[in-house]
Every structure is written in C-alpha cells, then in structure tokens.
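Visitor: Residue numbers (the UniProt record's numbering): 1 to 184. Yeah, the Cβ is synthetic: ideal placement off N, Cα and C, and Gly gets one too.
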Amino acid sequence: MTEASASNKALINKFYTAFAGGDAKTMQSCYHESIVFEDPAFGVLTGSKAGDMWEMLLSGPRENPDVTKTLTIEHSNVEATATSGSANWVAHYKFSGNPVENKVKATFEFQDGLIIKHTDVFDFWVWSSQALGLTGYFLGWTSFLNNQVKGQTNGKLAKFVARKYAPAESSLAEPATAKDGATK
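1. Does DSSP put GLY155 in a helix, in a strand, or in coil?
2. Which one or two residues does DSSP pair with PRO99 in a beta bridge?
3. Which residue comes first and which comes last in the alpha helix (DSSP H) that contains LEU139?
4. If you reduce the DSSP assignment to three classes, tell me which class THR81 lands in.
5. In three-state terms, what does DSSP make of PHE108?
6. Applying the 10 Å Cβ sphere with the 16-neighbour rule, what's the burial state of ASP39?
7. Based on Cα-Cα distance, which residue from PHE122, THR72 and SER34 lies nearest to ASP23?
8. What's the gap between the Cα of TRP125 and the Cα of GLN148?
9. Report yes if the CB atom of VAL100 is closer than 8 Å to the CB atom of ALA131, and no otherwise.
10. Taking the Cβ atom as the reference point for each residue, do ALA41 and LYS150 lie within a distance shorter than 8 Å?
11. Could you compute how far the alpha carbon of GLY140 sits from the alpha carbon of VAL121?
12. Does the stretch 52–60 come close enough to the stretch 78–92 to have 3 or more Cβ pairs within less than 8 Å?
13. Determine the contact status of VAL36 and THR46, defining contact as a CB-CB distance below 8 Å.
14. How many whole angstroms separate the CB atoms of TYR16 and HIS92, which I take to be in contact at a CB cut-off of 8 Å?
15. For SER170, count neighbouring C-beta atoms within 10 Å of its own C-beta (all shown protein chains included) and say buried if the count is 16 or more, exposed if not.
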C-alpha cells in the first residue's frame, strides 16, 4: 500500500468514525472545498452544501428528532488507492417512528489529501419501504416519490443553511422611546 493509499484509507475511516460519533465538523474537514456529493435522497450537493447536509442530519432534535436519538453508524470494507476509494456503511435509525436499516455503498475520489467526490448508493425502494411504510412500499420504485423526497430533503437543507448563515440579530437596535419622546 502506498503512502497516498494509506492516507486516503485513514481519511475514509476518520470520516465514518466522526459520523458514528455525531461529529459533523470533523466530517466536513475531510471534504475538499469543491466537494461533489451525490445520493438518492438529496441528489447532487456541491461545496459547503455537502458538509451542511451532514451537519443538518446530525444537528439534533430540532432538525431530525427521530433520527438523531436513534442513529448508529457502522462502516466496513474500506479500500483506497492514491486517487479513489470505497466503503460500505450501514445506518440504523428511526424515521417517522419506523425502524430503518440503510445499507450504503460509498465511493470516493481524492484531491489534495481530501475527498473531492463522494457518491452514496443505496436501494431507494428498500429505504423508502422502511422509512415511509406503505407509501414507500408502493411508490418507492417511482421517480415521483424519489423526486418528492429530494424536494423535501433539499427544502429542509435550504432552511437549515438559511438559519445557519443568517446574521445574528444586532444588539445595536434603536432604543425604545416613550410617547413623550423620552428614551426608555
């Protein structure tokens, strides 16, 4: 194994160890600033949105009450070369009260010692059958449901990003004045 291969394998392990520990910041630090992420639930996310997605998913009850309380991550079969890598990972969690076991095959490309491309592949029908119950079972194979899920996940991500990057309210607000014009 070359030094680059070993370094990239360690980077994948660092990413999933951080994921299992709920550490979105460390996960984000594994990504190149020009990251391209893709999976069946979000579609393609580029740049900071990819890292923001992991932060949202791990951010706690406000964003994902069921998922965050019940999430466990296991990864295995990590392989890497100087330019690419792969891993298998399994997420166990509850989604809308339904137990989910999502088996994912991840592939990676590396640049400058970081992950520049990350693609997660999983069976959307199996996932939607578990996560969405009968709706997922009957419609999970359709592009209609897949597009609905992508719309919802990207909508949640947009709201999360807007809150995250919204300027803090200024403490320099105008002082309130009484009816007689005196400052309160």
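Guide: The structure says:
1. Your numbering for residue 155 matches position 155 in the sequence shown. Helix at GLY155.
2. Counting from 1 along the sequence shown, the entry for residue 99 is found at position 99. The partner list for PRO99 (beta bridge, DSSP) reads LYS94.
3. Numbered from 1 along the sequence shown, position 139 holds the residue referred to as residue 139. Where LEU139 is concerned, the enclosing alpha helix (DSSP H) starts and stops at 134–139.
4. For the purposes of this step, residue 81 is identified with residue 81 of the sequence shown, where counting begins at 1. Coil, per DSSP.
5. Taking the first residue of the sequence shown as 1, we reach residue 108 at position 108. Three-state result, PHE108: strand.
6. Working through the sequence shown from its first residue, we reach residue 39 at position 39. Around the beta carbon of ASP39, 16 or more other beta carbons lie within 10 angstroms, which makes this residue buried.
7. One-based indexing of the sequence shown puts residue 23 at position 23. Of the candidates PHE122, THR72 and SER34, THR72 places its Cα closest to the Cα of ASP23.
8. For the purposes of this step, residue 125 is identified with residue 125 of the sequence shown, where counting begins at 1. For the purposes of this step, residue 148 is identified with residue 148 of the sequence shown, where counting begins at 1. Approximately 13 Å between the Cα atoms of the pair.
9. One-based indexing of the sequence shown puts residue 100 at position 100. One-based indexing of the sequence shown puts residue 131 at position 131. Contact flag set, yes.
10. Here residue 41 refers to the residue found at position 41 of the sequence shown. Here residue 150 refers to the residue found at position 150 of the sequence shown. The answer is yes: Cβ separation under 8 Å.
11. Numbered from 1 along the sequence shown, position 140 holds the residue referred to as residue 140. Numbered from 1 along the sequence shown, position 121 holds the residue referred to as residue 121. In a straight line, the C-alpha of GLY140 is about 15 Å away from that of VAL121.
12. Short answer: they don't touch.
13. By one-based count along the sequence shown, residue 36 stands at place 36. By one-based count along the sequence shown, residue 46 stands at place 46. Note that the C-beta distance between VAL36 and THR46 is below 8 Å.
14. Start at 1 with the first residue of the sequence shown, and residue 16 comes out as number 16. Start at 1 with the first residue of the sequence shown, and residue 92 comes out as number 92. Contact between TYR16 and HIS92 is absent: CB atoms are separated by about 14 Å, not below the 8 Å threshold.
15. Along the sequence shown, read from residue 1 onward, the residue named residue 170 stands at position 170. Low local confidence applies: a pLDDT of 49 at SER170 is under 50, so the model's placement there is unreliable, with the coordinate-based value given in what follows. Around the beta carbon of SER170, fewer than 16 other beta carbons sit within 10 angstroms, so the residue counts as exposed.
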